[in-house]
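Sequential numbering from 1 applies to the sequence shown in the UniProt record's numbering.
Using N, Cα and C, we set each Cβ at its ideal position, and we do this for glycine too.
Read through the structure below, which is laid out as structure tokens, and then see the notes.
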Amino acid sequence: MDFSAVRASIAAADDLLRLIATRPVDVNDPDWMAKLQAAPPAVDEAGVRAETTAALEVLLEAYETASLRAEVREIFRAYPSFRWAVGLPMEWATAAEFRRRLILVSARDQGADPRDELVEIWALCARARELGIDVEPVLGEVADMSADVDHYGFGSMRTLITRGREG
């Protein structure tokens with residue numbers, strides 16, 4: 001698969017999103033958290049929701065193909081503001097949606113901080129269990145898709161995904 005058009009779209013969005021992602025936050029302002037929560041999502045503020053949503057769908061579909069996974073991971077590493085801003089809808093209720101979210105975590109390949117990724121994995125697994133979803137087979141399947149490289153000395157993505165059993 002040729003990702004050149006998707007990569008170009010992501011690069012343009014990443015440039016716009018970087019302005020938002022790196023904007024200083026005045027934590028001395030007593031209302032800083034409320035202001036952050038009231039702000040529109042970064043993809044909306046940057047006017048790139050349609051492009052980033054389409055690109056994310058292409059990347060997640062491609063991640064299902066073993067030969068494309070390394071390239072998808074590299075795209076997420078190359079465009080950190082895109083990686084930070086893009087996501088799936090907050091509400092979900094099915095095993096397929098749980099799997100899709102774990103695939104996104106796997107594709108981000110530890111993101112900027114594997115501890116954040118682990119917390120997200122635990123939260124996803126906790127929510128899935130509340131919904132009555134059997135997390136074990138999904139964790140195993142997505143762990144098998146995940147990279148074995150330990151970028152930060154905290155364990156590989158494969159290891160982090162399997163740690164979802166702990167949460």
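Legend entry - Contact between the segment 153-162 and the segment 98-110 (3+ Cβ pairs under 8 Å): The way I'd put it, the segment 153-162 does touch the segment 98-110; three or more beta-carbon pairs between them come closer than 8 Å.
Inset, instruction - In the DSSP assignment, find the unbroken alpha helix (DSSP H) run with Gln37 in it and report its ends. - result: Reading the sequence shown from its first residue, position 37 is the one you call residue 37. Segment Trp32 to Ala38, the alpha helix (DSSP H) holding Gln37.
Inset, instruction - For Pro89, name the three-state secondary structure that DSSP assigns. - result: As a working mapping, residue 89 is identified with position 89 in the sequence shown. Secondary structure at Pro89: coil, using DSSP grouped into helix, strand and coil.
Inset, instruction - Identify whether Phe3 lies in helix, strand or coil by the three-state DSSP scheme. - result: Translated into the one-based positions of the sequence shown, residue 3 becomes position 3. When secondary structure is reduced to three states using DSSP, Phe3 falls in the coil class, being assigned neither helix nor strand.
Inset, instruction - Jot down the residue ranges of each uninterrupted alpha helix (DSSP H) in the segment 93-163, minimum 4 residues, whole runs only, in chain order. - result: Runs of the alpha helix (DSSP H) inside the segment 93-163: 95-108, 114-130, 135-145 and 157-162.
Inset, instruction - May I ask you to report which of helix, strand or coil DSSP gives Val43? - result: For the purposes of this step, residue 43 is taken as the residue at position 43 of the sequence shown. Here Val43 sits in helix by DSSP.
Legend entry - When Thr53, Glu136, Val43 and Leu88 are compared against Val6, the one with the closest alpha-carbon: For the purposes of this step, residue 6 is taken as the residue at position 6 of the sequence shown. From the listed residues Thr53, Glu136, Val43 and Leu88, the smallest Cα separation to Val6 is found for Thr53.
Legend entry - Spatial neighbours of Arg18 in its chain, beta-carbon cut-off 7 Å, leaving aside the 5 residues before and after: Sequence index remark: in the sequence shown, residue 18 carries index 18 (1-based). Only Ser81 meet the Cβ criterion.
Legend entry - Per-residue DSSP class, three states only, for Tyr79: Residue 79 sits at position 79 when you count from the first residue of the sequence shown. Three-state result, Tyr79: coil.
Legend entry - First through last residue of the alpha helix (DSSP H) which encompasses Leu56: Counting from 1 along the sequence shown, the entry for residue 56 is found at position 56. That run of the alpha helix (DSSP H) goes Arg49 to Tyr63.
Legend entry - As assigned by DSSP and simplified to three states, the class of Arg18: The sequence position of residue 18 within the sequence shown is 18, counting from 1. Shown here, Arg18 sits in a helix according to DSSP, grouped into three states.
Inset, instruction - Using beta-carbon positions only, say whether Thr162 and Ala147 come within less than 8 Å of one another. - result: In the sequence shown, the residue the question calls residue 162 occupies position 162. In the sequence shown, the residue the question calls residue 147 occupies position 147. Contact: no.
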